Amino acid sequence: MKSYRKELWFNVPTRRAFINITPQVEEAVRESGVKEGLCLVNAMHITASVFINDDEPGLHHDFEEWLEQLAPHEPISRYRHNLTGEDNADAHLKRTIMGREVVVAITNGKLDFGPWEQIFYGEFDGRRRKRVLIKIIGE
Ligand code: ZN
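Every position in the sequence shown, counted from 1, becomes a number in the numbering used here once 485 is added.
What follows is the structure, given as structure tokens:
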């Protein structure tokens, strides 16, 4: 069985963003040489997500508004976690809603997506260096 590991680094200049990382994950699959297997992609931080959905700007705007309704950034004082001196309680909640990781099948050396599926990095507390892990196993 082959095994391949790669980290992607991000330094998003804004607090929140959605970034399509499908090309980087496809590149990792090529580098792995795996033709049949599984590809795990996970955020390595508890204030960021990796998720699969449509690459459609209206939908991303809807996600942003929906998440802000569920877990508004402000007022900072509404969250117990922020009593630690942090201001990112909302980012932890948003990360939990949008998920930590995705697993995609690899078939014939390609990510075996359903229609319109793309992989996104969801940043909820940016302006610092953060990582995504790609782990690929198979033959
Ligand atoms: Zn925190």
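Beta carbons are placed, not taken as given, at the ideal position from N, Cα and C, and that holds for glycine.
Just so we're clear, the structure is a prediction, and the values are computed from it rather than from any experiment.
Item to complete: Please list, in chain order, all residues with a C-beta atom less than 6 angstroms from at least one heavy atom of ligand 1.
Response: His566, Glu571, Asn573 and His577
Worksheet item: To the nearest whole angstrom, what separates the beta carbons of Ile622 and Gly522, a pair I think is in contact under 8 angstroms?
Response: Position 137 of the sequence shown holds residue 622. Position 37 of the sequence shown holds residue 522. Contact holds; Cβ gap of about 5 angstroms.
Item to complete: Determine the direct distance from the alpha carbon of His558 to that of Asp575, and round the result to whole angstroms.
Response: Along the sequence shown, one-based indexing puts residue 575 at 90. Along the sequence shown, one-based indexing puts residue 558 at 73. Their Cα atoms are separated by approximately 5 angstroms.
Fill in: Candidates Phe609, Ile619 and Tyr564, of which the one nearest Glu549 by Cα
In the sequence shown, the residue the question calls residue 549 occupies position 64. Of the candidates Phe609, Ile619 and Tyr564, the one whose C-alpha sits nearest the C-alpha of Glu549 is Phe609.
Worksheet item: Taking Pro508 as the reference, which of Thr592, Arg613 and Phe605 has the closest Cα?
Response: Along the sequence shown, one-based indexing puts residue 508 at 23. When each option's Cα is compared against that of Pro508, the closest is Phe605.
Worksheet entry | Coil, strand or helix - Ala556 by DSSP | Taking the sequence shown and counting its residues from 1, one reaches residue 556 at position 71. Coil, per DSSP.
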